[in-house]
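Numbering (the numbering used here), first residue to last: 50 to 236.
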Amino acid sequence: DYWWWNTPFVPLIVIFGYMTFFGIAAWVIVAVLVLGLSVAFLPVTYADYQTVCSSDAECDTVFQLKPQDVLALRELGLSVSFYATYMLTTQVILMLGFWAIGAAIFWRKSSDWVALLFALMLVTFGASSTVEPYTPTNGLLSLLGTGVAFLGYALFYASFFVFPDGRFVPRWGRWAVVVWIVYQASF
(Lines of atoms letter the chains of each structure in order from A; the text may use other names.)
(Lines give C-alpha, C1' and ligand atoms only; values in the text may rest on other atoms or scores of the structure.)
Protein backbone atom coordinates (compact mmCIF):
# COMPACT_ATOMS: atom_id res chain seq x y z
CA ASP A 50 0.00 0.00 0.00
CA TYR A 51 1.82 3.10 -1.22
CA TRP A 52 0.27 6.45 -0.60
CA TRP A 53 1.69 9.87 -1.25
CA TRP A 54 1.43 10.85 2.42
CA ASN A 55 3.68 7.93 3.41
CA THR A 56 6.60 9.37 1.50
CA PRO A 57 8.83 11.76 3.42
CA PHE A 58 9.00 15.30 2.12
CA VAL A 59 12.51 16.11 1.01
CA PRO A 60 13.17 19.79 0.37
CA LEU A 61 14.70 20.50 -3.01
CA ILE A 62 17.10 23.10 -1.72
CA VAL A 63 18.83 22.35 1.55
CA ILE A 64 21.67 24.55 2.69
CA PHE A 65 24.85 22.97 4.04
CA GLY A 66 28.09 24.03 5.67
CA TYR A 67 28.88 27.69 5.98
CA MET A 68 25.65 28.61 4.21
CA THR A 69 23.71 26.96 7.04
CA PHE A 70 25.72 28.97 9.56
CA PHE A 71 25.14 32.26 7.71
CA GLY A 72 21.43 31.53 7.19
CA ILE A 73 20.93 30.70 10.87
CA ALA A 74 23.03 33.67 12.00
CA ALA A 75 21.10 36.07 9.73
CA TRP A 76 17.78 34.71 10.98
CA VAL A 77 18.82 35.06 14.63
CA ILE A 78 20.13 38.61 14.09
CA VAL A 79 16.95 39.75 12.34
CA ALA A 80 14.73 38.01 14.91
CA VAL A 81 16.57 39.65 17.84
CA LEU A 82 16.38 43.07 16.14
CA VAL A 83 12.66 42.62 15.49
CA LEU A 84 12.12 41.56 19.10
CA GLY A 85 13.97 44.63 20.40
CA LEU A 86 12.19 46.92 17.99
CA SER A 87 8.81 45.49 18.97
CA VAL A 88 9.52 46.14 22.64
CA ALA A 89 10.66 49.69 21.82
CA PHE A 90 7.45 50.36 19.88
CA LEU A 91 5.01 49.17 22.56
CA PRO A 92 4.68 52.62 24.20
CA VAL A 93 4.36 54.27 20.77
CA THR A 94 1.63 51.85 19.73
CA TYR A 95 -0.16 52.34 23.05
CA ALA A 96 -0.09 56.11 22.55
CA ASP A 97 -1.42 55.67 19.00
CA TYR A 98 -4.38 53.69 20.34
CA GLN A 99 -5.13 56.44 22.86
CA THR A 100 -5.09 59.16 20.22
CA VAL A 101 -8.53 60.50 19.36
CA CYS A 102 -8.90 61.93 15.86
CA SER A 103 -10.82 65.17 15.46
CA SER A 104 -12.25 64.06 12.09
CA ASP A 105 -12.38 61.03 9.81
CA ALA A 106 -9.90 62.61 7.42
CA GLU A 107 -7.32 63.00 10.19
CA CYS A 108 -7.36 59.33 11.23
CA ASP A 109 -4.43 57.34 9.91
CA THR A 110 -5.95 53.93 10.59
CA VAL A 111 -9.27 52.32 11.40
CA PHE A 112 -8.01 51.51 14.90
CA GLN A 113 -7.64 55.15 15.95
CA LEU A 114 -10.65 56.43 17.82
CA LYS A 115 -13.01 59.06 16.47
CA PRO A 116 -15.10 61.27 18.79
CA GLN A 117 -18.18 59.11 18.20
CA ASP A 118 -16.14 56.01 19.17
CA VAL A 119 -15.16 57.65 22.46
CA LEU A 120 -18.84 58.38 23.15
CA ALA A 121 -19.74 54.77 22.36
CA LEU A 122 -17.03 53.54 24.74
CA ARG A 123 -18.32 55.83 27.50
CA GLU A 124 -21.87 54.53 26.99
CA LEU A 125 -20.49 51.04 27.59
CA GLY A 126 -18.68 52.23 30.69
CA LEU A 127 -15.24 51.84 29.13
CA SER A 128 -12.40 54.33 28.94
CA VAL A 129 -9.99 55.21 26.15
CA SER A 130 -7.14 53.72 28.19
CA PHE A 131 -9.07 50.44 28.46
CA TYR A 132 -9.46 50.42 24.67
CA ALA A 133 -5.74 51.09 24.19
CA THR A 134 -4.77 48.38 26.68
CA TYR A 135 -7.17 45.88 25.11
CA MET A 136 -5.94 46.59 21.56
CA LEU A 137 -2.27 46.43 22.55
CA THR A 138 -2.78 43.21 24.51
CA THR A 139 -4.57 41.63 21.56
CA GLN A 140 -1.79 42.71 19.24
CA VAL A 141 0.95 41.39 21.52
CA ILE A 142 -0.80 38.02 21.88
CA LEU A 143 -1.14 37.78 18.11
CA MET A 144 2.50 38.77 17.64
CA LEU A 145 3.66 36.17 20.18
CA GLY A 146 1.68 33.51 18.31
CA PHE A 147 3.42 34.39 15.05
CA TRP A 148 6.78 34.37 16.83
CA ALA A 149 6.16 31.02 18.51
CA ILE A 150 5.30 29.35 15.21
CA GLY A 151 8.28 31.02 13.50
CA ALA A 152 10.62 29.90 16.28
CA ALA A 153 9.27 26.33 16.11
CA ILE A 154 9.84 26.19 12.35
CA PHE A 155 13.33 27.63 12.82
CA TRP A 156 14.12 25.13 15.56
CA ARG A 157 13.00 22.09 13.55
CA LYS A 158 14.06 22.99 9.99
CA SER A 159 16.92 25.47 10.13
CA SER A 160 18.80 23.73 7.30
CA ASP A 161 15.96 24.25 4.81
CA TRP A 162 16.03 27.72 3.26
CA VAL A 163 12.29 27.73 2.58
CA ALA A 164 11.64 26.97 6.24
CA LEU A 165 14.00 29.81 7.22
CA LEU A 166 12.15 32.12 4.85
CA PHE A 167 8.78 31.17 6.35
CA ALA A 168 10.08 31.47 9.90
CA LEU A 169 11.49 34.92 9.11
CA MET A 170 8.23 35.89 7.43
CA LEU A 171 6.26 34.88 10.53
CA VAL A 172 8.56 36.83 12.86
CA THR A 173 8.58 40.01 10.77
CA PHE A 174 4.95 39.85 9.65
CA GLY A 175 3.80 39.19 13.21
CA ALA A 176 5.60 42.30 14.39
CA SER A 177 4.58 44.50 11.46
CA SER A 178 1.38 45.79 13.02
CA THR A 179 3.21 46.82 16.17
CA VAL A 180 6.38 48.33 14.70
CA GLU A 181 4.77 50.32 11.90
CA PRO A 182 3.92 53.63 13.54
CA TYR A 183 0.72 55.47 12.74
CA THR A 184 2.06 58.75 14.05
CA PRO A 185 5.53 60.09 13.26
CA THR A 186 8.12 59.16 15.88
CA ASN A 187 11.87 59.32 16.20
CA GLY A 188 13.38 59.28 12.70
CA LEU A 189 15.56 56.18 13.13
CA LEU A 190 12.98 54.26 15.11
CA SER A 191 10.31 55.03 12.52
CA LEU A 192 12.63 54.04 9.67
CA LEU A 193 13.50 50.71 11.31
CA GLY A 194 9.85 49.99 12.06
CA THR A 195 8.83 50.72 8.49
CA GLY A 196 11.69 48.52 7.25
CA VAL A 197 10.58 45.57 9.38
CA ALA A 198 6.98 46.00 8.24
CA PHE A 199 8.13 46.22 4.61
CA LEU A 200 10.20 43.04 4.99
CA GLY A 201 7.28 41.26 6.65
CA TYR A 202 4.83 42.20 3.89
CA ALA A 203 7.30 41.35 1.11
CA LEU A 204 8.12 37.95 2.61
CA PHE A 205 4.44 37.27 3.22
CA TYR A 206 3.65 37.79 -0.44
CA ALA A 207 6.75 35.94 -1.71
CA SER A 208 6.12 32.93 0.51
CA PHE A 209 2.95 32.06 -1.38
CA PHE A 210 4.91 31.63 -4.60
CA VAL A 211 7.74 29.47 -3.22
CA PHE A 212 5.74 27.12 -1.01
CA PRO A 213 6.41 24.19 -0.48
CA ASP A 214 9.57 23.38 -2.42
CA GLY A 215 11.35 26.72 -2.90
CA ARG A 216 10.61 27.12 -6.59
CA PHE A 217 8.47 29.90 -7.95
CA VAL A 218 5.19 28.38 -9.09
CA PRO A 219 4.07 29.61 -11.55
CA ARG A 220 7.37 30.77 -12.97
CA TRP A 221 6.04 34.25 -13.65
CA GLY A 222 5.45 34.55 -9.91
CA ARG A 223 8.95 35.93 -9.39
CA TRP A 224 7.96 38.95 -11.48
CA ALA A 225 4.77 39.37 -9.48
CA VAL A 226 6.90 39.40 -6.32
CA VAL A 227 9.21 42.04 -7.83
CA VAL A 228 6.21 44.19 -8.80
CA TRP A 229 4.74 43.78 -5.30
CA ILE A 230 8.01 44.79 -3.64
CA VAL A 231 8.32 47.86 -5.86
CA TYR A 232 4.70 48.73 -5.12
CA GLN A 233 5.25 48.36 -1.37
CA ALA A 234 8.44 50.44 -1.54
CA SER A 235 6.51 53.31 -3.07
CA PHE A 236 4.58 53.87 0.19
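Where is the CB? At the ideal position from N, CA and C, for every residue including glycine.
- Check residue 114 in the structure and name its three-state DSSP category. Residue mapping note: residue 114 aligns to position 65 of the sequence shown, counting from 1. DSSP places residue 114 in strand when its eight states are reduced to three.
- Task: State buried or exposed for residue 51, treating a residue as buried only when at least 16 other CB atoms are found within 10 Å of its CB.
- Result: Taking the first residue of the sequence shown as position 1, residue 51 is located at position 2. Any reading at residue 51 needs caution, since the residue's pLDDT is 49, under 50, leaving its predicted position unreliable; the model's value is listed next. Exposed: under 16 other Cβ atoms inside 10 Å.
- residue 208 versus 232, 162, 176 and 234, residue with shortest Cα-Cα distance: Residue numbering aside, residue 208 sits at position 159 when the sequence shown is read from its first letter. A check of alpha carbon separations from residue 208 across 232, 162, 176 and 234 identifies 162 as the nearest.
- Task: Let me know the alpha helix (DSSP H) ranges lying completely inside the stretch 70–151, each 4 residues or longer, listed in chain order.
- Result: Those alpha helix (DSSP H) runs which fall completely within the stretch 70–151 and span 4+ residues are 116–124.
- Task: For residue 95, I'd like the list of residues in its chain whose CB is within less than 7 Å of its CB, leaving aside the five on either flank, ordered along the chain.
- Result: Position 46 of the sequence shown, counted from the first residue, corresponds to residue 95. So the qualifying residues of the chain are 133 and 137.
- residue 141 versus residue 197: straight-line alpha-carbon distance, rounded: The residue labelled residue 141 in the question sits at position 92 within the sequence shown. The residue labelled residue 197 in the question sits at position 148 within the sequence shown. If you draw a straight line from the Cα of residue 141 to the Cα of residue 197, it comes to about 16 Å.
- Item | Sequence-distant residues of the same chain with beta carbon closer than 6 Å to residue 170, five excluded per side | Here residue 170 corresponds to residue number 121 of the sequence shown, with the count starting at 1. Excluding five sequence positions before and after residue 170, the CB atoms of its chain that fall closer than 6 Å to its own CB belong to 204, 205 and 208, given in chain order.
- Query: Thinking just about the alpha-carbon of each residue, which of 128, 126, 102 and 127 is nearest to the one in residue 116?
  - Reply: In the sequence shown, counting from the first residue as 1, residue 116 sits at position 67. For residue 116, the nearest C-alpha among the options comes from 102.
- Message: Quick check: the Cα distance between residue 76 and residue 164, rounded to an integer number of angstroms?
- Response: Counting from 1 along the sequence shown, the entry for residue 76 is found at position 27. Counting from 1 along the sequence shown, the entry for residue 164 is found at position 115. Rounded to whole angstroms, residue 76 to residue 164 spans 11 Å at the Cα level.
- Query: Taking the C-alpha atoms as reference points, what is the distance between residue 227 and residue 214?
  - Reply: Stepping through the sequence shown from its first residue, residue 227 is reached at position 178. Stepping through the sequence shown from its first residue, residue 214 is reached at position 165. Their backbone Cα atoms lie some 19 Å apart in a straight line.
- Item | Entirely enclosed beta strand (DSSP E) segments - the stretch 189–233, minimum 3 residues | You should have found no qualifying run.
- Query: Start and end of the alpha helix (DSSP H) containing residue 177?
  - Reply: Residue numbering aside, residue 177 sits at position 128 when the sequence shown is read from its first letter. In the DSSP assignment, residue 177 falls within the unbroken alpha helix (DSSP H) covering 162–180.
- With distances taken between CB atoms, is the gap from residue 91 to residue 179 smaller than 9 Å? Here the question's residue 91 lines up with position 42 in the sequence shown. Here the question's residue 179 lines up with position 130 in the sequence shown. For residue 91 and residue 179, yes; Cβs fall inside 9 Å.
- Message: With a threshold of 6 Å on Cβ separation, who are the neighbours of residue 166 within its own chain once the five nearest residues in sequence on each side are excluded?
- Response: In the sequence shown, residue 166 corresponds to position 117, counting from 1. So the list is empty, once near-sequence residues are dropped.
- Message: I need the straight-line Cα distance from residue 156 to residue 87, nearest angstrom please.
- Response: Taking the first residue of the sequence shown as 1, we reach residue 156 at position 107. Taking the first residue of the sequence shown as 1, we reach residue 87 at position 38. Cα to Cα, residue 156 sits roughly 21 Å from residue 87.
- Item | From 69, 78 and 68, residue whose alpha carbon lies closest to that of residue 172 | On the sequence shown, position 123 is the one that residue 172 refers to. Of the candidates 69, 78 and 68, the one whose C-alpha sits nearest the C-alpha of residue 172 is 78.
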